[in-house]
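There are 2 protein chains.
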Amino acid sequence: MNKAQGVMSYDELRGAIAQRHRALSGRLQQIAEFVLDHPTDVALGTVAEVAQRSGVPPSAIVRFAHALGFGGFTEMQQVFRSRLVAGVAPSYKARLARMKSEEKSVLGRQPAAVLSRFVSEAQSALVTLSQSVHTRELEAATAILAKARDIYLLGLGGSFPVAIHLAYVLRKLGRRVVLLDGVGGSIHEQSHAATADDALVAISFRNYYPDTARLFPELVARGVPTISITDSLLSPIVEGASVIFEIQDMPEPALRTLVAPMCLVQALAIGLDLAAD
Amino acid sequence: MNKAQGVMSYDELRGAIAQRHRALSGRLQQIAEFVLDHPTDVALGTVAEVAQRSGVPPSAIVRFAHALGFGGFTEMQQVFRSRLVAGVAPSYKARLARMKSEEKSVLGRQPAAVLSRFVSEAQSALVTLSQSVHTRELEAATAILAKARDIYLLGLGGSFPVAIHLAYVLRKLGRRVVLLDGVGGSIHEQSHAATADDALVAISFRNYYPDTARLFPELVARGVPTISITDSLLSPIVEGASVIFEIQDMPEPALRTLVAPMCLVQALAIGLDLAAD
DNA sequence: TTGCGCTTAGAATATTAATTCCATTATAGA
DNA sequence: TCTATAATGGAATTAATATTCTAAGCGCAA
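Here the protein sequences line up with chains A and B, keeping their order.
Residue 5 in this note's numbering sits at position 5 of the first sequence; the count goes up by one each step and never skips.
Whatever position you read off the second sequence (first residue = 1), add 1000 for this note's numbering.
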């Protein structure tokens, strides 16, 4: 009946439904009203469920999808599902995949295009950060740091810049900081003096640096309160941590901008300083 | 294997998976990692799809669901779907508005408010960055780096994290990098071998680190091509620089998040790599 | 009223997906 | 090294789901 539309966004679909509403037959109008009111039901339900909730037989649902130019219910459902995924994450693998493919194209190789890609990647990382970090964790972390005599920082490999930055800021604010960098000896020796009166901030992303995985449990075992910043609940610095900040969707090492963790540690340090007054 | 849990929230499920991860068998661990990283795939996919994406046979997925105490995949999937529904429920605009109001509230000292302040500051820094950096400079910088035998990096004090990060990424991409960090001697000695066949990336923001101000002119005098990343045209690393990136509005040292320069150096490194093919 | 075209409901069917089962392969302990 | 135990992959099975088909229903015009 209608031209076969290629891909269609949820908003476009809404518009199309509204526009054709008058031209549809009675039953189909009824369905149109239902799907506009209950998009989530359509996204997640089966034909039978949607049919029951909207009070029509299953075949009517399929006819409705056909009337809109879809090959079937399943096809229409994809559009409703896209709305759900858009709501939960401001792009995901889609972004990453797009990046990968653009890399191959001529346009994507231009330096300016590369920069703007990283900028938008960073933007979305920041949005995700502010959505996923909760007050409770921030307060718990601040409390731990406030009580600490010395603050130990552990972040090796690709996470080292974050640790360095945090060390810098904390020192500026007059805190006693021990940066576990392994320079001039082992990090084990550097962390030897840490006790339950101190605190540890550990930062680690895939692939987790072996030394980090080894040292962290030791310090936990010695009773050092720990704040972990990582990308997965399965990382080696989660078990035994007092507070965990999970930063999801970190790209592969060579592509990550560290924007989110940099921002987070900054906020921790300044939040600590403000709370101390 | 486990008690049948009644209803379970997505966050509870994440916690349960993380907790049991170690106790699971190899294949099931692999699946655990996948589902924590790709919750949307699990929410919307079929067993076969999830199986394929995580690289395991379908039956393993079902065993995983059983191991977690669910009656089957479908039952577990409900929990992942609840996350999608929750994400979309408060409309997008509503969430943004909530964020904005929290920003303004008198509770500016609360850690959460501090974080969102830094996040929004970082956002605007990124916008400024993409507006102020031009193609010409990016291309010139890329050309210099492409020709360089060794790439020397100079960024001390507050800029050190940026230098470290750039060193890390460049090395990942197979470039020869000398990081001038002053460890185990003076940075003068470290930079002694630099010639006109190499290149220098210097990063410095107010207050300019004395060693940077001292070393930079020396290298320029020796004919080393230089790329400067700084916050003012009056900084000590501007005169004689081959390419200058000016990043404006950097806050005072203790408050800066380094988001913009981190992003810029990332783009430089990747742009270099892409251009090299 | 009668006949025509479009719409509809529900059963029948085809398709797709989830689950179970079992032979084979790894693992740990003696 | 051998044995017992658990884990695994893939085929077979079962369940569910979407789609099609057909006879009946309905409105409308002649």
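Every residue gets a Cβ at the ideal spot worked out from N, C-alpha and C, and that includes glycine.
query                                                                                            : result
Three-state secondary structure (DSSP) of A/I237                                                 : coil
Per-residue burial, A/G155 [other beta carbons within 10 Å of its own, 16 or more giving buried] : buried
Beta-carbon proximity of A/L68 to A/G271, cut-off 8 Å                                            : no
A/L145 and A/V259 closer than 8 Å at C-beta                                                      : no
Beta-carbon proximity list for B/V1178, same chain, < 6 Å, skipping 5 on both sides              : D1150 and Y1152
Residues in the stretch 1062-1082 of chain B having any Cβ partner in chain A nearer than 7 Å    : R1081
Contact belief for B/D1211 with B/A1148 at Cβ below 8 Å, rounded distance in angstroms           : Not quite, the Cβ-Cβ distance comes to about 22 Å (not below 8 Å), so this is no contact.
Short Cβ contact (8 Å threshold) for A/V224 with A/A194                                          : yes
Where B/T1135 falls, given that 16 or more other Cβ within 10 Å makes a residue buried           : exposed
Simplified DSSP state of A/L153, which is helix, strand or coil                                  : strand
8 Å contact criterion, which A/G72 and A/A65 should meet: CB distance rounded                    : 6 Å
CB contact check: B/V1178 to chain A, cutoff 8 Å                                                 : no
Closer than 8 Å to chain A by CB, B/E1261                                                        : The question names Glu, but residue 1261 of chain B in the sequence shown is Pro. With 8 Å as the cut-off, B/P1261 does not count as an interface residue toward chain A.
Test item: CB-CB of A/I247 and A/L170 under 8 Å                                                  : no
Cutoff 8 Å: B/H1165 Cβ touching any chain A Cβ                                                   : yes
Cα-Cα separation between B/Q1266 and B/Q1110, rounded to whole angstroms                         : 32 Å
Euclidean distance between Cα positions of B/L1268 and A/A141                                    : 35 Å
7 Å Cβ cut-off: residues of chain A touching B/G1055                                             : In chain order: nothing, as chain A lies at least about 15 Å away.
Own chain residues within Cβ distance below 6 Å of A/I229, not counting five before or after     : I203, F245 and P261
Below-8 Å beta-carbon distance, A/E49 vs any chain B residue                                     : no
Proximity below 8 Å, CB of A/R256 to CB of A/G158                                                : yes
Alpha-carbon to alpha-carbon, B/V1035 and B/D1041                                                : 8 Å
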